[in-house]
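Peer 1:
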Amino acid sequence: MTTLNTANAVGAGDAATVTATATANTFHILRLRLQKKEHGRFISHLDLMRAFERTVRRLQLPVALTEGFHPHYRISFGPALPLGASSSAEYCDLILTARPEQSALLEKIGRHLPPGLSLIDGSYIDNGQSLSDFIMRASYRVRLAIGDFATAEELIALGKRILESEQFPIETETRKGLRTIDLRSGIDQAQWAVSGEELICDLFLAAGSANNLKPQDALIPFIRKGAAPNELHRAGLYGKSGQNWADPFGNVLLKWPEVKIEGE
């Protein structure tokens, strides 16, 4: 693949730390990494959370409840995906009131997930940031049908022009009307390769509360040139570990994130 550009990472500042102790109880954070594939790609983020809560209830897992008149399970997910996208990086935190043996608990959860979801990994997190505070970047692989209005070389040149710009504003339509976003500030890295009639794009994008670029927005200039997304896959989510990027389990990313998709 041809690497077009590498931008310096921009930190989100100091983030709050998830504490595992409370005044009267000790809580334990179980972090899971899930995969969405096949018809799981068409489960919305809200439906995913509801389905997972049903699994927790059915298995009678010791998940803590929020306080107040309408308590709910203390479960949190990473950033939402667009409907139709697959993922091998759906992260979820369960706040538990007990600490069952890890391997048996993971095996139990893995056997009872809804169709289209599978468990890749899981671990207790003794002291770490919440997913919302930690996650700052996401990696994606996109397959674009090249179409009749622009060649692969012209699309790659467009990507290079975006990354060589100080700013690249575009208009996008929202429920509240048109708004202008700067693509350049949300793209850290990009790699491109041609495969038959498709352009394969590996993207490393801003994702988090400080700066967030939706992958579908990053594709708007290419779609306007006639390219059509055939596949969108999220391969990883990352935050800062010292000066390095790391996944939510603390595994440090030492090089460009290799995109791996089940079945390829």
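Numbering (my numbering) for the sequence shown: -14 to 249. Glycine residues also receive a C-beta, built at the ideal position from the N, C-alpha and C atoms. Just so it is clear, the structure is predicted and the values come from calculations on it, not from any experiment.
#1: Run through DSSP, which three-state label would A7 get?
#2: Do you know how far the Cα of G113 is from the Cα of P154?
#3: Throw me the rounded Cβ distance for the H30 and L66 pair, which I believe falls under 8 angstroms.
#4: So, helix, strand or coil for S194, using DSSP?
#5: Can you give me the C-alpha to C-alpha distance between T2 and D78, rounded to a whole angstrom?
#6: Would the segment 208 to 221 count as touching the segment 121 to 138 if we require 3 or more Cβ pairs under 8 angstroms?
#7: What residues are listed by DSSP as bridge partners for I172?
#8: Out of F119, M121, E86, which one is the CA nearest neighbour of S108?
#9: Cβ of A137 within 8 angstroms of Cβ of A192?
#10: Can you tell me whether E75 is buried or exposed? The criterion is at least 16 other CB atoms within 10 Å of its CB, across all chains shown.
#11: Using beta-carbon positions only, say whether L19 and L102 come within less than 8 angstroms of one another.
#12: Counting only the same chain and skipping the five closest in sequence on each side, list residues whose C-beta sits under 8 angstroms from that of P64.
#13: Could you compute how far the alpha carbon of A203 sits from the alpha carbon of A83?
#14: Who are the near neighbours of S72 in its chain, counting only those whose CB is closer than 6 angstroms to its CB and skipping five residues on each side?
#15: What first and last residue would you give for the alpha helix (DSSP H) that runs through H30?
#16: Report the rounded CA-to-CA distance for R39 versus I141, giving the unit in angstroms.
#17: Count the other CB atoms, across all protein chains shown, that sit within 10 Å of the CB of D32; report buried if there are 16 or more and exposed otherwise.
#18: Please list, in chain order, all residues of the same chain as A9 whose beta carbon is under 6 angstroms from its beta carbon, the five residues on each side excluded.
#19: Judging by CA-CA distance, which residue of I172, I80, L17 is the nearest neighbour of I105?
#20: Could you name the residues of the same chain whose beta carbon sits closer than 8 angstroms to that of L88, not counting the 5 residues immediately before and after it, in chain order?
#21: Among residues of its own chain, excluding the 5 on either side of L98, which ones have a beta-carbon nearer than 7 angstroms to its beta-carbon?
#22: I need the straight-line Cα distance from H13 to D111, nearest angstrom please.
#23: Roughly how many angstroms separate the alpha carbons of L81 and L217, rounded to a whole number?
#24: May I have the straight-line CA-CA distance separating V127 from Q174, to the nearest angstrom?
#25: Between V237 and the rest of its own chain, which residues show a CB-CB distance below 6 angstroms, the 5 nearest in sequence each way excluded?
Peer 2: Based on what the coordinates show:
#1: Low local confidence applies: a pLDDT of 40 at A7 is under 50, so the model's placement there is unreliable, and no value is given.
#2: 36 angstroms
#3: 7 angstroms
#4: coil
#5: For T2, the predicted model reports a pLDDT of 39, less than 50, meaning its position is unreliable and no value from the coordinates is stated.
#6: yes
#7: L190
#8: E86
#9: no
#10: buried
#11: yes
#12: I120, A123, A192, G193, N197, L222
#13: 42 angstroms
#14: K21, L66, R219
#15: 30 to 44
#16: 45 angstroms
#17: exposed
#18: Unreliable positioning characterises A9 in this predicted model, as indicated by a pLDDT of 46, which lies under 50. The coordinate reading is nonetheless provided below. Counting only Cβ-Cβ distances below 6 angstroms, and skipping sequence neighbours, we find nothing.
#19: L17
#20: It should be pointed out that residue 88 corresponds to Ser in this sequence rather than to Leu. None.
#21: T40, L104
#22: 7 angstroms
#23: 33 angstroms
#24: 14 angstroms
#25: S226, N229, A231
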